[in-house]
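Residue numbers (my numbering): 16 to 398.
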């Protein structure tokens with residue numbers, strides 16, 4: 016997701032049906048022609064140049080039909096989800112536009128958009144890499160007490176500009192200071208993001224956590240695709256980080272050699288092979304999470320079967336947690352053979368027609384974990 020803040024103008028408000036009707040009524044009274052616009056301008060310096068430069072490269076006018084989820088203003092009870100268009104500017108054009116049919120007040124909240132006024136804010140969370148694929152709007156009223164803290168924080172960020180980009184880090188800090196039930200928390204809640212990654216990886220517990228929280232933004236097909244890609248990136252990043260750490264172990268003489276097996280064969284049931292200081296071969300399975308150590312581990316049937324082999328080299332489980340790009344904490348459970356056998360013994364009596372593919376396993380099932388240590392990718396000086 017990419018995030019931006021916009022200060023709404025009178026013309027932006029025309030996307031909302033009660034505002035459009037109000038302006039039309041006022042125009043009739045003043046014998047004005049009224050506004051013909053029915054959309055929110057998406058400023059080119061953010062949406063076209065920063066977020067999706069590839070989408071404007073050919074100069075063609077394009078339309079993207081995307082799911083739009085709307086929260087707020089204030090403590091509105093539920094989000095409204097519908098489909099609208101993002102229309103890009105063609106050659107010679109400038110701003111993009113979010114438009115389509117007017118957005119009515121939802122049946123479950125029949126006065127939701129009535130009190131919007133120029134100067135209110137909208138926080139955009141936009142999905143997609145080369146083009147917009149989804150959008151979440153959080154409407155923030157300058158007069159609604161429930162929005163006061165978030166409005167104040169974002170208003171100072173946008174300043175005199177029409178639209179400003181906000182980083183995920185800054186948005187998380189703002190969400191931490193917002194009221195407990197404010198929708199900006201749902202937008203950036205790390206616990207829900209972790210649950211989505213786990214659900215996308217096949218965890219039934221992750222899916223249950225999502226359903227308990229009723230998070231519509233995170234239940235779209237696009238959200239699951241993005242979560243799956245993020246989970247894959249986290250896993251690969253963890254392996255790269257461990258590879259750099261093993262290079263340091265090799266230089267220090269604490270291991271004799273290592274090989275990143277999964278780099279050459281992505282479906283191999285373990286990630287590294289290590290020859291320790293005593294010359295013993297060991298397999299290494301790396302499990303990386305951006306969450307804390309206690310988050311359950313996703314492990315496949317094949318990984319367990321190979322770890323349980325009686326005559327194979329022992330498999331060690333390397334747990335990387337609190338992972339960010341370039342650093343993590345590392346704890347190791349040596350030789351998970353007995354834990355693997357324990358899990359497999361439960362499922363082996365099942366019918367031959369039933370074969371589990373993967374498991375969500377509590378970290379406590381594995382043997383004693385080493386004291387966690389911080390590991391980092393060391394930047395090459397001079398580069």
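All C-beta atoms, glycine included, are put in the ideal place defined by N, C-alpha and C.
Predicted model, so just to flag it, every value in this text is computed and none were measured.
Boundaries of the alpha helix (DSSP H) in which residue 277 is found, first to last residue: Counting from one through the chain shown, the residue named residue 277 turns up at place 262. Per DSSP, residue 277 belongs to the alpha helix (DSSP H) from 276-279.
Mapping the DSSP letters down to three states, classify residue 93 as helix, strand or coil. Residue 93 sits at position 78 when you count from the first residue of the chain shown. In this structure, residue 93 counts as coil in the three-state DSSP scheme.
Going by other Cβ atoms of all chains shown within 10 Å of its Cβ, with 16 needed for buried, is residue 400 buried or exposed? Coverage of the chain is limited to positions 16 through 398, which leaves residue 400 absent and any answer about it impossible.
What residue ranges within the segment 95-151 form continuous beta strand (DSSP E) runs of no fewer than 3 residues, ordered along the chain? 95-102, 111-114, 136-142
Based on the DSSP output, what are the partners of residue 14 in its beta bridges? A question about residue 14 goes unanswered here, because the residues of the chain that appear run from 16 up to 398.
Which listed residue (149, 178, 96) has its alpha carbon closest to that of residue 136: As a working mapping, residue 136 is identified with position 121 in the chain shown. Minimum Cα distance to residue 136 is reached at 178.
Are residue 19 and residue 83 closer than 7 Å when you measure CB to CB? As a working mapping, residue 19 is identified with position 4 in the chain shown. As a working mapping, residue 83 is identified with position 68 in the chain shown. Contact: no.
Can you round the beta-carbon distance between residue 323 and residue 284 to whole angstroms, since I take them to be within the 8 Å contact cut? Position 308 of the chain shown, counting from 1, holds the residue named residue 323. Position 269 of the chain shown, counting from 1, holds the residue named residue 284. With a Cβ gap of about 11 Å, residue 323 and residue 284 do not count as contacting.
Could you tell me whether any Cβ in chain B is nearer than 7 Å to the Cβ of residue 350? The question asks about chain B, but that chain is absent: this structure has only one protein chain.
Span of the beta strand (DSSP E) holding residue 287? As a working mapping, residue 287 is identified with position 272 in the chain shown. Run containing residue 287: 287-291, per the beta strand (DSSP E) assignment.
Considering only DSSP beta bridges, list what residue 82 is partnered with. On the chain shown, residue 82 is found 67 positions in, with the first residue counted as 1. Looking at the DSSP assignment, residue 82 forms a beta bridge with 98.
Check whether the Cβ atoms of residue 160 and residue 87 lie closer than 7 Å to each other. Locating residue 160 in the chain shown gives position 145, where the first residue counts as 1. Locating residue 87 in the chain shown gives position 72, where the first residue counts as 1. Contact flag unset, no.
For the candidate residues 321, 257, 297, whose alpha-carbon lies nearest to that of residue 341? To locate residue 341, count along the chain shown from 1; it is residue 326. With distances taken between Cα atoms, residue 341 lies closest to 257.
Does the Cβ-Cβ distance between residue 387 and residue 344 come in under 7 Å? The residue given as residue 387 occupies position 372 in the chain shown. The residue given as residue 344 occupies position 329 in the chain shown. Yes. Within cutoff.
Distance, residue 215 Cα to residue 125 Cα: Here residue 125 refers to the residue found at position 110 of the chain shown. Here residue 215 refers to the residue found at position 200 of the chain shown. Going by the C-alpha atoms only, they are around 35 Å apart.
Would you list, in sequence order, the uninterrupted beta strand (DSSP E) runs of no fewer than 3 residues that lie entirely inside the segment 311-369? 312-315, 330-339, 342-348
Close beta carbons around residue 252, own chain, < 8 Å, minus the five adjacent residues each side: Numbered from its first residue, the chain shown carries residue 252 at position 237. These residues qualify, in order along the chain: 303, 338, 340.
Mind checking who residue 271 pairs with in its DSSP beta bridge? Residue numbering aside, residue 271 sits at position 256 when the chain shown is read from its first letter. Paired residue(s): none; residue 271 is not in a bridge.
Quick test of your reading: residue 212 and residue 246, contact by CB under 8 Å. State the CB separation rounded to the nearest angstrom. Counted from its first residue, the chain shown places residue 212 at position 197. Counted from its first residue, the chain shown places residue 246 at position 231. Their Cβ separation, rounded to whole angstroms, is 5 Å, which keeps residue 212 and residue 246 in contact under 8 Å.
At a cut-off of 6 Å, would you count residue 170 as near the ligand SAM, judging by its Cβ distance to the nearest heavy atom? Ligands in the displayed structure: none, and consequently the ligand SAM is not present.
Please classify residue 244 as buried or exposed, where buried requires at least 16 other C-beta atoms within 10 Å of its C-beta. Within the chain shown, the letter at position 229 stands for residue 244. Its Cβ having fewer than 16 others within 10 Å, residue 244 is exposed.
Beta carbon of residue 381, beta carbon of residue 355: below 7 Å? If you number the chain shown from 1, residue 381 lands on position 366. If you number the chain shown from 1, residue 355 lands on position 340. Cβ atoms of residue 381 and residue 355: not closer than 7 Å.
Starting from residue 31, follow its DSSP beta bridges and name the residues at the other end. What you label residue 31 is simply residue 16 of the chain shown in a count that begins at 1. Looking at the DSSP assignment, residue 31 forms a beta bridge with 118.
Segment contact flag, the segment 371-378 with the segment 296-311, C-beta cutoff 8 Å, min 3 pairs: A contact exists between the segment 371-378 and the segment 296-311.
Look at the alpha carbon of residue 94 and the alpha carbon of residue 85, and state the distance between them as a whole number of angstroms. Residue numbering aside, residue 94 sits at position 79 when the chain shown is read from its first letter. Residue numbering aside, residue 85 sits at position 70 when the chain shown is read from its first letter. Going from the Cα of residue 94 to the Cα of residue 85 covers about 5 Å.
Extent of the continuous beta strand (DSSP E) run through residue 301: Numbered from 1 along the chain shown, position 286 holds the residue referred to as residue 301. Its beta strand (DSSP E) spans residues 296-303.
Count the other CB atoms, across all protein chains shown, that sit within 10 Å of the CB of residue 171; report buried if there are 16 or more and exposed otherwise. Reading the chain shown from its first residue, position 156 is the one you call residue 171. By the Cβ neighbour-count rule, residue 171 is exposed, with fewer than 16 other Cβ atoms within 10 Å of its own.
Just to confirm the assignment, what range does the alpha helix (DSSP H) spanning residue 199 have? Along the chain shown, read from residue 1 onward, the residue named residue 199 stands at position 184. Taken as a continuous stretch (DSSP letters only), the alpha helix (DSSP H) holding residue 199 covers 198-203.
Compare the C-alpha of residue 373 against each of 163, 91, 219, 111 and name the closest. Taking the chain shown and counting its residues from 1, one reaches residue 373 at position 358. Of the listed residues, the one whose Cα sits closest to residue 373 is 219.
How many whole angstroms separate the CB atoms of residue 112 and residue 120, which I take to be in contact at a CB cut-off of 8 Å? The sequence position of residue 112 within the chain shown is 97, counting from 1. The sequence position of residue 120 within the chain shown is 105, counting from 1. The Cβ separation is near 22 Å, so there is no contact.
Quick check on residue 392: does DSSP put it in helix, strand or coil? Here residue 392 refers to the residue found at position 377 when the chain shown is read from its first residue. In this structure, residue 392 counts as coil in the three-state DSSP scheme.
What's the gap between the Cα of residue 33 and the Cα of residue 183? As a position in the chain shown, residue 33 is number 18, starting the count at 1. As a position in the chain shown, residue 183 is number 168, starting the count at 1. The alpha-carbon atoms of residue 33 and residue 183 are separated by roughly 32 Å.
Can you tell me whether DSSP reads residue 54 as helix, strand or coil? The residue labelled residue 54 in the question sits at position 39 within the chain shown. Of the three classes helix, strand and coil, the one that applies to residue 54 here is strand, per DSSP.
With H, G and I counted as helix, E and B as strand and the rest as coil, what does DSSP make of residue 257? Residue 257 sits at position 242 when you count from the first residue of the chain shown. Three-state result, residue 257: helix.
In the DSSP assignment, find the unbroken alpha helix (DSSP H) run with residue 191 in it and report its ends. One-based indexing of the chain shown puts residue 191 at position 176. Taken as a continuous stretch (DSSP letters only), the alpha helix (DSSP H) holding residue 191 covers 183-191.
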